[in-house]
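Structure first, commentary second.
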Amino acid sequence: MKTIKRIISGLIAAILLTTALSVSAQEAVTVEPIRFRHDHFIKGMDVSSVLSLEKSGVKFYRSDGEEADLFQILADSGVNYIRVRVWNHPYDNAGNSYGGGNNDAAAAAKIGKRAAQYGMKLLVDFHYSDFWADPAKQKAPKAWENMSLTEKSTALYEFTYNSLEEIKSAGAEIGMVQIGNETTAGIAGESDFSAMAQLFNAGAKAVRDFDRETLVALHFTNPEKTAVMKWLADSLNQYQVAYDVFSSSYYPQWHGTLDNLTAVLRYVRETYHKEVMVAETAYPYTLDDTDGFSNTVTRWNCSGENMRWNFTPQGQAGELRDVMSAVNDADGLGVFYWEGAWITVGDTTGLSGSELESQIQHNRQLWEQNGAGWASSYAKEYDPDDAGKYFGGSAVDNQAFFDATGRALPSLDVFRLVDGTKYLLGDVNRDGRVSVEDATLIQKAVGEMEELDVQQKALADVNGDSKVDVVDATLIQEYVADLSVQFPIGSEQL
Ligand code: CA
């Protein structure tokens, strides 16, 4: 009797636990759809750290727990563009890497190739530095340090052109190139605007010579400083910098309101006839750290007036949705989410004492050996005041779309939900991916062995001719065989 009671109470506990787990795993996010003004609004993600993470043993899983290539998970989720940073030579004299993903041109080529395998274009983000370039740091690459401005322009042209050739020949589909990263106050060691303009134009010319169709983007920060943004756009015009896209970062803890972002982008677009977009945004789904290295947003600094979404997957999805909407309101090209997969290399959640210390020690080794953290100790020769003192792990693991085990969070659905559909075109059985099973289901429906509901019929009509027939099944089979094949119409039609 006692035993049976124990078994039954054990069973009940197991059932309760299972229910609780499945509820938390499936806690769906909801966002209001956006009526996009651009035909192919960019729903992009920067995943520059991915190679270093994979080398450190990180694996990625769909929300149902199935392991898959990160790039396939992103493409299936509606991400249509990948962004990758490029540093000139992020290594010391002994060949040790500075970390931060070890992002040289060779890494960008590997990332671009994998993006293209799943039908996603690439934005190549040149920092023109050997390590992080940001509003406070625009240090020239070691090899350019003693160059005159003319020599530096030539070097920048050649580095840009040669890197793009290398990335393209690996199989990447380069759609856009950023000439500099967060170049609000300088680029490659130059802070005088006429020198900056000369370098911008050298990079732009390299992109034009590489491919006339590829967009040339410039990237600035601090849209809340409206006068500075207007001055930048005006100066670019006066110095006749030949670019296509004026882009800004938007981090709500620093960058003002979304209404102001829309106003600044619309001003630049209408005054100077440039495309506009957000090149970086991110938002925490939790305030907990998972790798033993402090994050940029923590429970001690998260209270800014524009941090108005909850620190949950729902809040994270809401932030990205609202940034997309703000850019759309300015007739913008799109939005890139920054490092949405830079998760921990070893989960520290719930650990304490010696267990915590040994896990952090393990993580430190991976940051150091594989470049899986924001900086390794080897970066101190190039960046002594910042990386040299504070080198370590991921500062944005709580802003990823994947939890500490690599499993996709429900917030990743935001990329499709903004289109007003939870499903990709072709996902007839609605299991979150387009597979041969969908083609089979169409064939069965055509043979009247299965019946499709109204939504399934819309998902099955991949060529958009208002009929569901074997042509749709064949298109899906071709897509499955070669994921870079695109359906004639986009998922935004649903
Ligand atoms: Ca961290």
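The opening residue of the sequence shown carries number 70 in our numbering; numbering runs sequentially from there.
Heads up, the beta-carbon is just placed ideally off N, CA and C, and yes, glycines get one too.
Keep in mind it's a predicted model, so treat the numbers as computed, not measured.
Ligand 1 heavy atom lying under 7 Å from the CB of residue i
{"i": "F362", "result": "yes"}
{"i": "A464", "result": "yes"}
{"i": "D472", "result": "no"}
{"i": "D194", "result": "no"}
{"i": "D358", "result": "yes"}
Other residues of its chain near residue i: CB distance less than 8 Å, five sequence neighbours each side excluded
{"i": "A302", "result": "F315, Y336, V337, T340, Y341, K343"}
{"i": "L90", "result": "Interpretation of L90 is limited by its pLDDT of 40, a score under 50 that renders its predicted location unreliable; the figure taken from the coordinates is listed afterwards. None."}
{"i": "T253", "result": "P204, F289, T290, N291, V297, L301"}
{"i": "A273", "result": "I248, V285, V310, A311, Y312"}
Rounded separation between residue i and residue j - CA only
{"i": "G409", "j": "A473", "result": "12 Å"}
{"i": "N157", "j": "D199", "result": "5 Å"}
{"i": "S394", "j": "L327", "result": "9 Å"}
{"i": "S260", "j": "G188", "result": "38 Å"}
{"i": "L139", "j": "Q307", "result": "43 Å"}
{"i": "L478", "j": "S132", "result": "6 Å"}
{"i": "T331", "j": "D108", "result": "19 Å"}
{"i": "S232", "j": "A174", "result": "6 Å"}
{"i": "L122", "j": "S504", "result": "27 Å"}
{"i": "L493", "j": "Q524", "result": "11 Å"}
{"i": "E506", "j": "A514", "result": "12 Å"}
{"i": "W369", "j": "Q428", "result": "24 Å"}
{"i": "L218", "j": "A311", "result": "19 Å"}
{"i": "A209", "j": "D455", "result": "16 Å"}
{"i": "S553", "j": "A444", "result": "34 Å"}
{"i": "K526", "j": "D488", "result": "18 Å"}
{"i": "K124", "j": "N439", "result": "7 Å"}
{"i": "P102", "j": "A257", "result": "40 Å"}
{"i": "V396", "j": "L402", "result": "8 Å"}
{"i": "A178", "j": "D522", "result": "43 Å"}
{"i": "E135", "j": "I142", "result": "10 Å"}
{"i": "G442", "j": "G461", "result": "5 Å"}
{"i": "L305", "j": "G422", "result": "55 Å"}
{"i": "Y548", "j": "M114", "result": "22 Å"}
{"i": "F228", "j": "N270", "result": "14 Å"}
{"i": "K190", "j": "G361", "result": "34 Å"}
{"i": "F110", "j": "V404", "result": "8 Å"}
{"i": "D161", "j": "E388", "result": "39 Å"}
Per-residue burial, residue i [other beta carbons within 10 Å of its own, 16 or more giving buried]
{"i": "A97", "result": "exposed"}
{"i": "L544", "result": "buried"}
{"i": "Q309", "result": "exposed"}
{"i": "M346", "result": "buried"}
{"i": "P382", "result": "buried"}
{"i": "K221", "result": "buried"}
{"i": "M518", "result": "exposed"}
{"i": "W201", "result": "buried"}
{"i": "Y354", "result": "buried"}
{"i": "D466", "result": "buried"}
{"i": "K128", "result": "exposed"}
{"i": "Y459", "result": "exposed"}
{"i": "N171", "result": "buried"}
{"i": "A184", "result": "buried"}
{"i": "K536", "result": "exposed"}
{"i": "D452", "result": "buried"}
{"i": "A163", "result": "exposed"}
{"i": "D551", "result": "exposed"}
{"i": "A448", "result": "buried"}
{"i": "N215", "result": "exposed"}
Cut-off 7 Å between Cβ atoms - residues of its own chain near residue i, not counting five sequence neighbours on either side
{"i": "R502", "result": "D145, D496"}
{"i": "K491", "result": "D482, R485"}
{"i": "L510", "result": "V497, N498, E519"}
{"i": "N364", "result": "D358, A464, V465, D466, N467"}
{"i": "L420", "result": "Q428"}
{"i": "G475", "result": "V127, K128, F129, Y130, I412"}
Same chain only: Cβ atoms within 6 Å of residue i, ignoring 5 sequence neighbours per side
{"i": "L481", "result": "S146, F470"}
{"i": "V276", "result": "V246, T283, V285"}
{"i": "D313", "result": "L284, V285, E344"}
{"i": "A137", "result": "R131"}
{"i": "G255", "result": "Q207"}
{"i": "D398", "result": "T331"}
Would you call the segment 261-274 and the segment 315-325 in contact, with 3 or more CB pairs under 8 Å? Of all C-beta pairs linking the segment 261-274 to the segment 315-325, fewer than three are shorter than 8 Å, placing the two stretches out of contact.
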